[in-house]
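> In order, the protein sequences belong to chains A and B.
Using our numbering, you'd call the opening residue of the first sequence number 3 and step up by one each time.
Using our numbering, you'd call the opening residue of the second sequence number 24 and step up by one each time.
I'd like to ask you about the structure that follows.
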Amino acid sequence: MYRFIHLYRLRMCASLAAFLVVAGFGTPESAPAQTITADPLSGKLVITGASTLAPLIAEIGKRFESIYPKVRVDVQTGGSSRGVADARQGLADIGMVSRAMKDDEKDLRAFPVARDGVGIIVYKENPVQVLTDEQVVAIYTGKITNWKDVGGKDAPITVVNKAEGRSTLEVFLHYFKMKNTDVKAQIVIGDNEQGVKTVAGNRHAIGYVSIGTAEYDELQGVPIKLLSVGGVTASTETVRNGTFPISRPLHVITRTPPVGLAKAFIDYAQSKAVHDIIKQQYFVPLVD
Amino acid sequence: MAKTLSRLQNPREWLALVFVWGAAALVTATFCWLLGDIIRHGLSHISWTFLTAPPENAGRRGGIGPILVSTSLILGVCLAVSLPIGIGTAVLLAEFTSDQSLFGWMTRRSLDILAGVPSIVFGLFGNAFFCKTLGLGFSILSGGLTLACMVLPILIRSTEEGFRAVPASYRLSAAALGLSRTTTLVHLLLPAAVPGLLVGLVLGVGRAIAETAALIFTSGYVDRMPESLLDSGRALSIHIFDLSMNVSGGDANAYASALVLVIMLLAINGTASWLATYGLHRKVVTV
Numbered sequence: 003m004y005r006f007i008h009l010y011r012l013r014m015c016a017s018l019a020a021f022l023v024v025a026g027f028g029t030p031e032s033a034p035a036q037t038i039t040a041d042p043l044s045g046k047l048v049i050t051g052a053s054t055l056a057p058l059i060a061e062i063g064k065r066f067e068s069i070y071p072k073v074r075v076d077v078q079t080g081g082s083s084r085g086v087a088d089a090r091q092g093l094a095d096i097g098m099v100s101r102a103m104k105d106d107e108k109d110l111r112a113f114p115v116a117r118d119g120v121g122i123i124v125y126k127e128n129p130v131q132v133l134t135d136e137q138v139v140a141i142y143t144g145k146i147t148n149w150k151d152v153g154g155k156d157a158p159i160t161v162v163n164k165a166e167g168r169s170t171l172e173v174f175l176h177y178f179k180m181k182n183t184d185v186k187a188q189i190v191i192g193d194n195e196q197g198v199k200t201v202a203g204n205r206h207a208i209g210y211v212s213i214g215t216a217e218y219d220e221l222q223g224v225p226i227k228l229l230s231v232g233g234v235t236a237s238t239e240t241v242r243n244g245t246f247p248i249s250r251p252l253h254v255i256t257r258t259p260p261v262g263l264a265k266a267f268i269d270y271a272q273s274k275a276v277h278d279i280i281k282q283q284y285f286v287p288l289v290d
Numbered sequence: 024m025a026k027t028l029s030r031l032q033n034p035r036e037w038l039a040l041v042f043v044w045g046a047a048a049l050v051t052a053t054f055c056w057l058l059g060d061i062i063r064h065g066l067s068h069i070s071w072t073f074l075t076a077p078p079e080n081a082g083r084r085g086g087i088g089p090i091l092v093s094t095s096l097i098l099g100v101c102l103a104v105s106l107p108i109g110i111g112t113a114v115l116l117a118e119f120t121s122d123q124s125l126f127g128w129m130t131r132r133s134l135d136i137l138a139g140v141p142s143i144v145f146g147l148f149g150n151a152f153f154c155k156t157l158g159l160g161f162s163i164l165s166g167g168l169t170l171a172c173m174v175l176p177i178l179i180r181s182t183e184e185g186f187r188a189v190p191a192s193y194r195l196s197a198a199a200l201g202l203s204r205t206t207t208l209v210h211l212l213l214p215a216a217v218p219g220l221l222v223g224l225v226l227g228v229g230r231a232i233a234e235t236a237a238l239i240f241t242s243g244y245v246d247r248m249p250e251s252l253l254d255s256g257r258a259l260s261i262h263i264f265d266l267s268m269n270v271s272g273g274d275a276n277a278y279a280s281a282l283v284l285v286i287m288l289l290a291i292n293g294t295a296s297w298l299a300t301y302g303l304h305r306k307v308v309t310v
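Below, the structure is given as structure tokens:
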């Protein structure tokens with residue numbers, strides 16, 4: 003009797019194992035990179051890089067998939083540096099980079115898909131309305147540490163900086179001509195929404211985030227406000243018309259001139275057909 | 024009663040009592056506050072559609088259907104791999120290796136070190152080994168295997184403790200009855216060690232299901248319904264992280280997803296302890 007039960011259990015185990023093997027390894031889609039078949043618009047496209055761009059490209063990818071049902075667009079995050087590295091090594095078909103391309107990245111082909119402004123944010127009830135570029139630099143380098151020195155209340159300034167490798171950090175430092183080692187930050191953060199939450203939760207904080215994100219959160223009643231830079235109001239509108247000085251292009255990149263599926267996708271991501279998605283993700287479509 | 028009262032008149036006793044109760048109250052309050060916050064913000068968004076529909080507009084709208092499936096598959100792979108290896112190693116350490124042996128000592132120490140390694144390290148290892156070296160790419164399989172590496176130390180150590188908690192008289196009696204070591208193991212020691220295994224399982228599943236860092240580079244970010252274990256699939260924890268930290272306006276769905284995660288964890292833990300009480304444990308009692 004026992005023996006029968008044992009046999010039965012063994013068979014259960016065996017069939018379970020067989021099922022796992024079939025479910026896992028039996029499928030033919032094992033190639034991680036783009037699989038080119040006879041029809042150019044089928045197969046899998048792997049896109050990695052900037053977390054800022056990931057939700058946007060993923061949404062564009064979904065619409066692309068709905069047009070070409072045989073296509074799979076896989077978007078992975080990890081930062082612009084990773085987008086560059088993966089595109090170079092061929093681990094990704096397309097990389098995402100949320101800044102202008104650098105001089106040592108001339109080997110890659112870059113295609114802008116949208117723009118994003120980087121705005122300086124403070125707590126909503128902070129009486130400071132405007133900061134000159136020199137004041138921002140002085141605050142970020144620790145030369146000014148109290149709000150009263152820039153026309154605010156007598157309270158210590160909490161400087162919020164972005165983590166190394168983040169494109170917003172590079173754009174910000176580039177505009178204010180600072181080095182990251184000069185920055186005396188109390189808090190170091192990663193994604194945009196984290197920056198908004200940090201400043202919203204600290205009455206004396208100053209930080210910088212994507213303008214689209216900040217504008218949306220301000221509308222939703224999150225207690226932050228965008229400061230104007232160089233006399234220009236920080237808004238998606240001023241980013242679009244090019245008057246706002248701190249902005250960055252959002253790129254997709256490839257190692258070689260794109261062909262087939264990658265080309266089709268990049269053309270689509272640059273077309274007017276996705277402008278509504280770009281606005282929906284609080285970025286600014288390129289004026290064409 | 025009188026004794027307790029007289030004790031309470033001593034200020035030192037009284038202080039200690041306040042401290043102990045205070046600490047317990049603080050822990051409970053933190054948990055209740057956390058749970059209350061999640062329920063308050065998340066409950067109104069949970070519906071059948073939310074649980075089954077795919078995410079829309081980067082997760083701000085729509086549901087978490089494919090993400091739930093991916094999460095379950097990742098956890099399934101993790102357990103299918105870690106349970107047999109974990110129990111096997113625990114048996115070896117507890118039953119076939121003496122306390123003093125160098126091999127046992129080294130295995131235990133390395134497991135203890137591994138148990139304390141930050142999950143991002145496992146993530147990078149998983150990305151380098153499973154995704155690149157083994158060529159599995161960003162896939163549910165890579166994610167599950169990485170999680171298996173991460174939970175194995177916890178699983179092995181607590182299962183081993185479970186085996187060690189079985190009285191030596193069980194083994195001696197079994198030997199006296201002429202039972203083989205395998206029979207003793209399967210019918211006597213294993214069921215008796217279930218409580219230890221369960222502790223490891225609950226801790227391990229808890230760590231695995233809440234994992235973000237180890238999964239973002241292995242199972243990935245794709246929120247489509249997975250078609251096979253070699254597809255990339257977003258885990259619930261990554262979805263919550265992305266919605267709250269990267270997607271403006273994603274908070275409501277982040278809370279709802281967090282609530283689902285908590286419920287899932289409670290359900291798994293509940294099932295595990297139910298199994299232990301009514302399933303496997305009874306076997307030993309009736310023998």
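Think of the CB as a built atom: it goes at the ideal place given N, C-alpha and C, for glycine as much as any other residue.
Taking only beta carbons into account, state which residues of the stretch 239-263 of chain B come closer than 8 Å to chain A, listed in chain order.
Answer in chain order: I239, F240, G243, Y244, V245, D246, R247, E250, S251, L252, L253, D254, S255.
> Output, in chain order, the set of chain B residues within a Cβ distance shorter than 9 Å of G192/A.
What G192/A touches in chain B: M268, N269.
> Can you list, in chain order, the residues of the stretch 143-161 of chain B whose Cβ is nearer than 9 Å to any Cβ on chain D?
Structure shown: chain D not included; protein chains present are A and B.
> Once you ignore the five residues that flank D254/B on each side, which residues in its own chain have a CB closer than 8 Å to its CB?
Same-chain partners within the cutoff: S162, I163, V245, R247.
> Could one say the Cβ of G203/A lies closer than 8 Å to chain B's Cβ atoms, at least one of them?
Chain B, which has no Cβ nearer than 8 Å to the Cβ of G203/A, makes this no.
> Using only alpha-carbon positions, find the residue among I263/B, G109/B, H68/B that is nearest to M173/B.
Closest option to M173/B, Cα to Cα, is G109/B.
> Which residues of chain A have a Cβ atom closer than 9 Å to the Cβ of N80/B, listed in chain order?
Those within 9 Å of N80/B in chain A are P57, E61, I279, Q282, Q283.
> Suppose the cutoff is 8 Å on Cβ atoms and the five residues either side in sequence are ignored; what does the same chain contact list for F126/B look like?
Same-chain partners within the cutoff: T120.
> Please decide whether G219/B counts as near chain A, where near means a Cβ-Cβ distance under 8 Å.
No, no contact with chain A.
> The beta strand (DSSP E) spanning I96/A covers which residue range?
Element bounds for I96/A: 96-99.
> Using DSSP's beta-bridge definition, name the partner residues of Q282/A.
DSSP lists no partner for Q282/A.
> Could you tell me whether any Cβ in chain B is nearer than 8 Å to the Cβ of V77/A?
Yes, V77/A lies at the interface with chain B (some Cβ there is under 8 Å from its Cβ).
> Quick one: grab the DSSP three-state call for V245/B.
If DSSP states are grouped into helix, strand and coil, V245/B belongs with coil.
> If we ignore side chains and look at the alpha-carbon of each, how far apart do V114/B and I263/B end up?
Cα to Cα, V114/B sits roughly 38 Å from I263/B.
> Does DSSP classify S162/B as helix, strand or coil?
Note: S162/B maps to coil in three-state DSSP.
> Under 8 Å between C-beta atoms, does S53/A make it to chain B?
So, interface residue.
> Let me know if L55/A comes out buried or exposed under the rule of 16 or more other beta-carbons within 10 Å of its beta-carbon.
When all chains shown are included, L55/A counts as buried.
> Express the C-alpha separation of Q272/A and R65/A in angstroms, rounding to a whole number.
Taking the straight line from one Cα to the other gives about 13 Å.
> Mind listing which residues of the stretch 209-229 of chain A have their C-beta closer than 8 Å to chain B's C-betas, in chain order?
Here the close residues are G214, T215, Y218, D219, Q222.
> Name the DSSP beta bridge partners of F113/A, please?
According to DSSP, F113/A bridges with V254/A.
> Applying a beta-carbon distance threshold of less than 8 Å, which residues of chain B neighbour E195/A?
Those within 8 Å of E195/A in chain B are S267, M268, N269, V270, S271, G273.
> Just the chain B side, please: which residues come within less than 7 Å of G85/A by C-beta, in chain order?
The contacting residues do not exist; G85/A stays about 13 Å from chain B at best.
> Rounded to whole angstroms, what is the Cα-Cα separation between T160/A and W37/B?
The alpha-carbon atoms of T160/A and W37/B are separated by roughly 42 Å.
> Please classify L288/B: does DSSP put it in a helix, a strand, or coil?
Reduced to three states, the DSSP call for L288/B is helix.
> Could you tell me the distance, in whole angstroms, from the CA atom of N128/A to the CA atom of V152/A?
Approximately 11 Å between the Cα atoms of the pair.
> In the DSSP assignment, what residue or residues form a beta bridge with Q91/A?
DSSP, once it has assigned bridges, lists no residue as partnering Q91/A.
> Who are the neighbours of G80/A on chain B, taking C-beta pairs under 8 Å?
The contacting residues are I239, F240.
> Looking at the unbroken alpha helix (DSSP H) that takes in D76/A, where does it start and where does it end?
It is not in any alpha helix (DSSP H) - D76/A instead sits in the beta strand (DSSP E) that spans 73-79.
> Suppose the cutoff is 8 Å on Cβ atoms and the five residues either side in sequence are ignored; what does the same chain contact list for D109/A look like?
Correct list, in chain order: R90, R257.
> Could you check if F267/A is buried or exposed, using at least 16 other CB atoms within 10 Å of its CB as the buried criterion?
Classification for F267/A: buried.
> Could you please give the first and the last residue of the uninterrupted beta strand (DSSP E) stretch that includes P212/A?
According to the sequence shown, residue 212/A is Ser rather than Pro. Segment 207-212, the beta strand (DSSP E) holding S212/A.
> Would you list the one or two residues that DSSP bridges to S150/A?
A quick correction: the sequence has Lys, not Ser, at residue 150/A. Paired residues: none, contrary to the question.
> If I'm right that T215/A touches Y284/A with Cβ under 8 Å, what's the distance once you round it to whole angstroms?
Rounded, the Cβ-Cβ distance is 6 Å, consistent with contact.
> Could you check where the beta strand (DSSP E) with I327/A kicks off and where it finishes?
Absent from the model: residue 327/A. The displayed extent of chain A is 3 to 290, so no value can be given.
> Alpha carbon to alpha carbon, how far is A264/A from V86/A?
Rounded to the nearest angstrom, the two C-alpha atoms are 16 Å apart.
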